[in-house]
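What follows is a short report on a single structure.
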Amino acid sequence: DTAVSQTPKYLVTQMGNDKSIKCEQNLGHDTMYWYKQDSKKFLKIMFSYNNKELIINETVPNRFSPKSPDKAHLNLHINSLELGDSAVYFCASSLLQDYNEQFFGPGTRLTVL
Amino acid sequence: RKEVEQDPGPFNVPEGATVAFNCTYSNSASQSFFWYRQDCRKEPKLLMSVYSSGNEDGRFTAQLNRASQYISLLIRDSKLSDSATYLCVVAETGTYKYIFGTGTRLKVLA
Numbered sequence: 498d499t500a501v502s503q504t505p506k507y508l509v510t511q512m513g514n515d516k517s518i519k520c521e522q523n524l525g526h527d528t529m530y531w532y533k534q535d536s537k538k539f540l541k542i543m544f545s546y547n548n549k550e551l552i553i554n555e556t557v558p559n560r561f562s563p564k565s566p567d568k569a570h571l572n573l574h575i576n577s578l579e580l581g582d583s584a585v586y587f588c589a590s591s592l593l594q595d596y597n598e599q600f601f602g603p604g605t606r607l608t609v610l
Numbered sequence: 029r030k031e032v033e034q035d036p037g038p039f040n041v042p043e044g045a046t047v048a049f050n051c052t053y054s055n056s057a058s059q060s061f062f063w064y065r066q067d068c069r070k071e072p073k074l075l076m077s078v079y080s081s082g083n084e085d086g087r088f089t090a091q092l093n094r095a096s097q098y099i100s101l102l103i104r105d106s107k108l109s110d111s112a113t114y115l116c117v118v119a120e121t122g123t124y125k126y127i128f129g130t131g132t133r134l135k136v137l138a
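Chains as they are written, first to last, in our numbering: chain A, 498 to 610; chain B, 29 to 138.
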């Protein structure tokens, strides 16, 4: 069974479109994250939810909106896609307390044309 | 100064060599430290946590120096399968943020 899954794995779209990436974890964790890894391989936190509550919201354009319907799911919706949004987006989950290991999903490779 | 800094490499070493990576962090209040490994076009995976007294897991040894604010990873008897990018990760106290370094790329050559 996949611990952290993301869909889709690849996403190619035109500038200006709106797209969503879904993430699910079956580990029973209470905290989930979205990271962006750019072409220089730098992995940067975007958002984090703990039990459906937003706890980290980095300086991210408001075109990006996370949604957590329950603690096992964290989706990322992106409006008006731009060329600079092209990157790999990783979802991760962990237990919040004691700064535990983060488990990452396989990533979604987004290409904006 | 970046929050977490690593030499990007690549470090090209022959099989069987010993190689060491360092990582420096800027926030002295940082609480937890990790090394993650990321293979090409894959997700990061935890290699090992780093404890204050230093810790070892097989061929891998991690050290933490809080006074100088650096973390190290030593790999002994390198294998071809060790070729990957090694990410230093620092968890900030009170913010629940994990700050990733840019990674150090290792290539182990036959």
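Idealized CB from N, CA, C, for every residue including glycine.
Query                                                                                                                   : Result
First through last residue of the beta strand (DSSP E) which encompasses A/H574                                         : H570 to I575
Collapsed DSSP secondary structure at A/S591 in the structure displayed                                                 : strand
CB contact below 8 Å: B/G131 versus chain A                                                                             : yes
Contact set between A/P563 and chain B, taken where Cβ atoms lie within less than 7 Å                                   : Those do not exist, as A/P563 stays about 15 Å from chain B at its closest Cβ, beyond 7 Å.
CB of B/F128 within 8 Å of CB of A/L573, strictly                                                                       : no
First through last residue of the beta strand (DSSP E) which encompasses B/C51                                          : V47 to Y53
Residue from B/I103, B/S81, B/L115 and B/L102 whose Cα sits closest to the Cα of B/R94                                  : B/S81
Any beta strand (DSSP E) of 3 or more consecutive residues that is wholly inside the stretch 60 to 119 of chain B       : 60 to 66, 73 to 78, 83 to 85, 88 to 93, 98 to 103 and 112 to 119
Proximity below 8 Å, CB of A/Q534 to CB of A/F600                                                                       : no
Presumed contact (8 Å Cβ cut-off) between B/S142 and B/V32, rounded CB distance                                         : Nothing about residue 142 of chain B can be reported from this structure: the residues present for chain B run from 29 to 138 only.
A/P563 burial status per 10 Å Cβ neighbour count (16 or more: buried)                                                   : buried
First through last residue of the beta strand (DSSP E) which encompasses A/R560                                         : Note, A/R560: premise wrong, no beta strand (DSSP E); not H, not E.
Proximal residues of chain B, C-beta to C-beta of A/L593 below 8 Å                                                      : Y124
Own chain partners of A/L524 with C-beta closer than 8 Å, once the 5 adjacent residues on each side are dropped         : A500, V501, S590 and F600
Neighbourhood of A/E579 by C-beta distance below 7 Å, restricted to the same chain and skipping five residues each side : M512 and V609
Residues from the stretch 538 to 557 of chain A in contact with chain B, defined by Cβ distance under 7 Å               : K538, F539, L540, I542, S545, I552 and I553
Residue nearest to B/K73 in terms of C-alpha spacing, selected from B/C116, B/E120 and B/L137                           : B/C116
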